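Trainee: The opening residue of the sequence shown carries number -9 in our numbering; numbering runs sequentially from there. Encoded as structure tokens, here's the structure I'll be asking about.
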Amino acid sequence: MTDASWSQTAREPEFGDYLELLKPRVMRLVVFTAAVGLLAAPVAVHPVIAVASILCIAVGAGASGALNMWWDSDIDAVMSRTKGRPIPSGRLTRGDALALGLALSGFSVVMLALFANLVAAGLLAFTIFFYSVVYSMWLKRATPQNIVIGGAAGAFPPMIGWAVATGGVSAASIAMFLMIFLWTPPHFWALALFRNDDYTRAGVPMLPVTSGERVTRNHIFAYSLILVPVTLVPAFSTIGGPVYLAGVLLLNAKLLADAWTVWRRDEATAAGDKLRAEKRFFGFSIVYLAIIFALILAEAGLKAGGLAPAHWPALF
């Protein structure tokens, strides 16, 4: 696809059009999990360095979004969920997105290296590359396991935040990575169930497209079962505690109940209520992950205030 096919814009581009390229809604969760990784680390960071570093991570996430929209502009144009994005709607060209994505990628990585350290900058650079090249350009259109492998891109931010503070990677930051990594497939498979027509029309081999609804429901439930013990492990670490444990137990009970409901349903039942349970699972999964990281942040605050239990068991 050439830039010329998208060059006729309906009006002059506005700031909001460029901002939309950065996928600000996705960026919010990235920024939050990165900030939690930074604040939960055992090393204090100067507030100016912390804010500057989080901004760099946000810019890097936005760069990934712009590069994704540049590459996926052809399939975005045929999907009802994405056809209003800046490129398929004619508000910006593919060249605009590519230039912005490359510029922000370089800027965010260099500035994070200057503000924080090379480890954090290297992780950010790898995350941008993984999402833009490995996932967007290769996995997304090549395999129904696209979101399983590609989900790693969204799991790196807390590791980057941790590296900003400590200059390295630890078992605790890997635990945060694994929670997001295992959360991503069931979250997006639920979306794919009620957006199946979109993905079919665009030729994206999401699991419901290639294997059908029954297999997808099995996978959602299986990954939810795997996710539960992985989210419990941090309770007995330096980033967890009793507040985290209590909250995660409640969250997992709700997650498994919703996953069970999705698993039990057949196509006729789901079609009859317009996939209400699948949409509910998708929506709750966002809240689920946000609260888990809020609980980690709460534990960090309790420890900083001297309010955490003195003898809580910590495996790492």
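Just so you know, even glycine gets a beta-carbon here, dropped at the ideal spot from N, CA and C. None of these values were measured; they are calculated from a predicted model.
Can you look up W302 in the DSSP assignment and give me helix, strand or coil?
Mentor: coil
Trainee: How is the alpha helix (DSSP H) around P176 delimited, first residue to last?
Mentor: A161 to F184
Trainee: Closest by CA to S122, which one among L57, L168, C46 and G80?
Mentor: L57
Trainee: Could you give the first and the last residue of the continuous alpha helix (DSSP H) run that contains K244?
Mentor: P232 to R254
Trainee: So, at 7 angstroms on beta carbons, what are the nonlocal neighbours of T200 in its own chain, with the 5 sequence-adjacent residues on each side left out?
Mentor: P134
Trainee: For the alpha helix (DSSP H) that M149 lies in, which residues bound it at each end?
Mentor: P147 to T156
Trainee: Would you report the Cα separation of I164 and G80, rounded to the nearest angstrom?
Mentor: 41 angstroms
Trainee: Can you give me the C-alpha to C-alpha distance between D64 and P78, rounded to a whole angstrom?
Mentor: Looking at the backbone, the Cα of D64 and that of P78 are separated by about 7 angstroms.
Trainee: Among G52, A24, A53 and A51, which one has its Cα closest to the Cα of V41?
Mentor: Ranked by how close their Cα comes to the Cα of V41, the residues G52, A24, A53 and A51 have A24 in first place.
Trainee: Among L287, A284 and V252, whose alpha-carbon lies nearest the alpha-carbon of A182?
Mentor: V252
Trainee: Could you check the C-alpha separation between G112 and V49 for me, to the nearest Å?
Mentor: For the pair G112 and V49, the Cα-to-Cα distance works out to about 15 angstroms.
Trainee: Between A290 and R266, what straight-line distance do the alpha-carbon atoms span, to the nearest angstrom?
Mentor: 37 angstroms
Trainee: Should L197 and H209 be called a contact, given that it needs their Cβ atoms to be closer than 8 angstroms?
Mentor: If you check the CB distance, L197 and H209 come in under 8 angstroms.
Trainee: Please state the DSSP three-state secondary structure of T228.
Mentor: coil
Trainee: Which one of R254, Y125 and W173 has the shortest CA to CA distance from P195?
Mentor: Of R254, Y125 and W173, the smallest CA-CA separation from P195 is found for Y125.
Trainee: Leaving out five residues before and five after L279 in sequence, what residues of the same chain have Cβ atoms less than 6 angstroms from its Cβ?
Mentor: Same-chain partners within the cutoff: W173.
Trainee: Specify the secondary structure class of R81 as computed by DSSP and reduced to three states.
Mentor: Secondary structure at R81: coil, using DSSP grouped into helix, strand and coil.
Trainee: Excluding the 5 residues preceding and the 5 following L129 in the sequence, name in chain order all residues of the same chain whose CB lies nearer than 7 angstroms to its CB.
Mentor: N136, I139 and G140
Trainee: Excluding five sequence neighbours on each side, which residues of the same chain lie with their C-beta closer than 6 angstroms to the C-beta of S(-3)?
Mentor: The pLDDT assigned to S(-3) is 43, lower than 50, so where the model puts this residue is not dependable; a value taken from the coordinates is nonetheless given after this. Result list for S(-3): T83, in chain order.
Trainee: Per the contact definition of three or more C-beta pairs closer than 8 angstroms, is the region 4 to 18 in contact with the region 30 to 45?
Mentor: no
Trainee: Does the beta-carbon of V277 have 16 or more other beta-carbons within 10 angstroms, so that it is buried, or is it exposed?
Mentor: By the neighbour-count rule (16 or more Cβ atoms within 10 Å), V277 is not buried but exposed.
Trainee: What does the alpha-carbon distance come out to for the pair R71 and A143?
Mentor: 22 angstroms
Trainee: On a Cα-Cα basis, can you pick out the residue from G151, S214 and L90 that is closest to F272?
Mentor: S214
Trainee: Would you please state the rounded distance, in angstroms, between the beta carbons of G231 and A298? I believe it to be under 8 angstroms.
Mentor: 6 angstroms
Trainee: Once you ignore the five residues that flank T221 on each side, which residues in its own chain have a CB closer than 8 angstroms to its CB?
Mentor: Around T221: M169, V238, L241, N242 and I282.
Trainee: State the Cα-Cα distance for the pair K269 and H177, rounded to the nearest angstrom.
Mentor: K269 and H177 have their C-alpha atoms roughly 10 angstroms apart.
Trainee: Under the rule that 16 or more other beta-carbon atoms within 10 Å means buried, what is M(-9), buried or exposed?
Mentor: Because M(-9) carries a pLDDT of 45, less than 50, the predicted location of this residue cannot be relied on, and no value is offered for it.
Trainee: Can you give me the C-alpha to C-alpha distance between T(-1) and A53, rounded to a whole angstrom?
Mentor: With a pLDDT of only 45 at T(-1), under 50, the local geometry of the prediction cannot be trusted, and the value read off the model is given with reservation. If you take the alpha carbons of T(-1) and A53, they lie about 22 angstroms apart.
Trainee: How about L92 and M59: do their beta carbons lie closer than 8 angstroms?
Mentor: no
Trainee: Using the Cα positions of M166 and A145, report the straight-line distance between them to the nearest angstrom.
Mentor: 8 angstroms
Trainee: From Y189 to W302, what does the alpha carbon distance come to, in whole angstroms?
Mentor: Y189 and W302 have their C-alpha atoms roughly 47 angstroms apart.
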